[in-house]
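K.L.:
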Amino acid sequence: MKRKLKVLSLIMGIITIMSLAVGCGKDKAKETAAPVTSENVKDSMKGVKLQIGTATSYAPFTFNDDSGKRVGFDMDLLEELKNVLGFEYELSVMDYAPLQTSVRSNKLDLAMAALCITPERKEVMDFSDSYYDAGLLCMAKADSDITSVDNLKGKVVAVEEGTSSHAYAQKIDGLKDLLVFPNMSSAYLELENGKAEAVIYDEPNILYYKKIHPESKTKIVGEAFNKDDSHYGILFPKGSENIAKFNAALKLIKENGTYDKIYNKWLGK
């Protein structure tokens, strides 16, 4: 009987030691797991299919050209991210407000549409590192007495719903009216028709609008502002496991010169 107890005790001791060894092995594996970097990120999402959202009302970042093809800075950058990470994707196009709602509710894996990284958005969603730093501009009718964003009291201002310019305009005291549209093309049209006295929007889009509409009877008033809240990032659902890989891929694209080529194509002088 004593012999049997000794044998049983020996067996239990061996099992305990093996359990501890396996447990330590797991902890060690966690400790030594390589972090995602620009050196090891290549093809790290191969075989993954993502649901991605964008908006096509914001040239030169995402818009439809004369043939109807979806083009722009964001589209080129997305393709380069795909080339690095190896994922496939299905693209959905929508306005900015539903775009953010879809990301927040996990209907989309990410959104890429020149979205500003703001404290309010970061409370309910996550962002990649910034891939473009912009600011806001104010544009008015050419014969307007508006000289900057600081003298809009008593004026009618048009913005795009769900954008950082919308959030900024809501904080301006004394506006006669704030006209909110689902896309910026409608806001520009309202200004051209004289129903709005000014628009507020992201600097690169207003500059692009002036570039392709030389006949426009409008003027840019003042300098770019709100730059601290105008860093563009890729939008993800809260806690997404894909953020680190996208950040590493963005870093690689900046390091190897690909980002500069995209920038010069769409935003170079």
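FYI, in mature numbering (1 follows the signal peptide of the UniProt record, and there is no 0) the residues of the sequence shown are -23 to -1, 1 to 246. Each residue gets a CB set at the ideal place from its N, CA and C atoms; glycine is no exception.
Secondary structure at H143, three-state DSSP: helix, strand or coil?
P.N.:
Stepping through the sequence shown from its first residue, residue 143 is reached at position 166. In this structure, H143 counts as helix in the three-state DSSP scheme.
K.L.:
Can you look up T235 in the DSSP assignment and give me helix, strand or coil?
P.N.:
Residue mapping note: residue 235 aligns to position 258 of the sequence shown, counting from 1. If DSSP states are grouped into helix, strand and coil, T235 belongs with the helices.
K.L.:
Work out the CA separation of E218 and I189 for me, nearest whole Å.
P.N.:
Within the sequence shown, residue 189 is the residue found at index 212, counting from 1. Within the sequence shown, residue 218 is the residue found at index 241, counting from 1. Those two C-alpha atoms are separated by around 40 Å.
K.L.:
Select from A226, M116 and Y145 the residue whose C-alpha is nearest the C-alpha of V13.
P.N.:
Here residue 13 refers to the residue found at position 36 of the sequence shown. Among A226, M116 and Y145, the Cα nearest to that of V13 is on A226.
K.L.:
At what residues does the beta strand (DSSP E) containing I197 begin and finish?
P.N.:
Locating residue 197 in the sequence shown gives position 220, counting from the first residue. Where I197 is concerned, the enclosing beta strand (DSSP E) stretches over T195 to F202.
K.L.:
For the stretch 24 to 89, list the alpha helix (DSSP H) runs that are entirely contained and at least 4 residues long, ordered along the chain.
P.N.:
50 to 62 and 73 to 81
K.L.:
According to DSSP, simplified to helix, strand and coil, what is D20?
P.N.:
Reading the sequence shown from its first residue, position 43 is the one you call residue 20. Three-state DSSP puts D20 in coil, outside helix and strand.
K.L.:
Check whether the Cβ atoms of V134 and L113 sit closer than 8 Å, and answer yes or no.
P.N.:
Start at 1 with the first residue of the sequence shown, and residue 134 comes out as number 157. Start at 1 with the first residue of the sequence shown, and residue 113 comes out as number 136. Not in contact: V134 and L113 (Cβ atoms no closer than 8 Å).
K.L.:
Less than 8 Å between the beta carbons of A173 and E167, yes or no?
P.N.:
The residue you call residue 173 lines up with position 196 of the sequence shown. The residue you call residue 167 lines up with position 190 of the sequence shown. In this structure, E167 lies closer than 8 Å to A173 by Cβ.
K.L.:
Which term fits E137, buried or exposed, when burial requires 16 or more other beta carbons within 10 angstroms of its beta carbon?
P.N.:
Taking the sequence shown and counting its residues from 1, the one referred to as residue 137 is at position 160. With 16 or more other Cβ atoms within 10 Å, it is buried.
K.L.:
Output the distance between the C-alpha atoms of Y209 and A90, rounded to the nearest integer angstrom.
P.N.:
For this step, residue 209 is matched to residue 232 along the sequence shown. For this step, residue 90 is matched to residue 113 along the sequence shown. Cα to Cα, the separation comes out at about 8 Å.
K.L.:
Considering only C-alpha positions, which residue in the set E169, S142 and G171 is nearest to P159?
P.N.:
Position 182 of the sequence shown, counting from 1, holds the residue named residue 159. When only C-alpha atoms are compared, the closest one is S142.
K.L.:
CB-CB under 8 Å to R98, same chain, minus the five flanking residues each way: which ones, in chain order?
P.N.:
In the sequence shown, the residue the question calls residue 98 occupies position 121. So the qualifying residues of the chain are Q77, L92, F104 and L212.
K.L.:
Just tell me which of V101, T95 and D72 has its CA closest to the CA of N83.
P.N.:
Working through the sequence shown from its first residue, we reach residue 83 at position 106. Checking every option, the nearest Cα to that of N83 belongs to V101.
K.L.:
Ignore the nearest five residues each way along the sequence and tell me which others in A164's own chain have a CB closer than 8 Å to its CB.
P.N.:
Against the sequence shown, residue 164 aligns to sequence position 187. Cβ within range, chain order: A135, V136, E137, L156, F158, A173, V176 and Y178.
K.L.:
Would you mind stating whether G49 and A36 have Cβ atoms separated by less than 8 Å?
P.N.:
For this step, residue 49 is matched to residue 72 along the sequence shown. For this step, residue 36 is matched to residue 59 along the sequence shown. Yes. Within cutoff.
K.L.:
Can you tell which of D86, V70, D43 and D51 has its C-alpha closest to the C-alpha of K26?
P.N.:
The sequence position of residue 26 within the sequence shown is 49, counting from 1. K26 has its Cα closest to that of D86, out of D86, V70, D43 and D51.
K.L.:
Rounded to the nearest angstrom, what separates Y236 and D120 at their Cα positions?
P.N.:
The count along the sequence shown starts at 1 and reaches residue 236 at position 259. The count along the sequence shown starts at 1 and reaches residue 120 at position 143. Cα to Cα, Y236 sits roughly 39 Å from D120.
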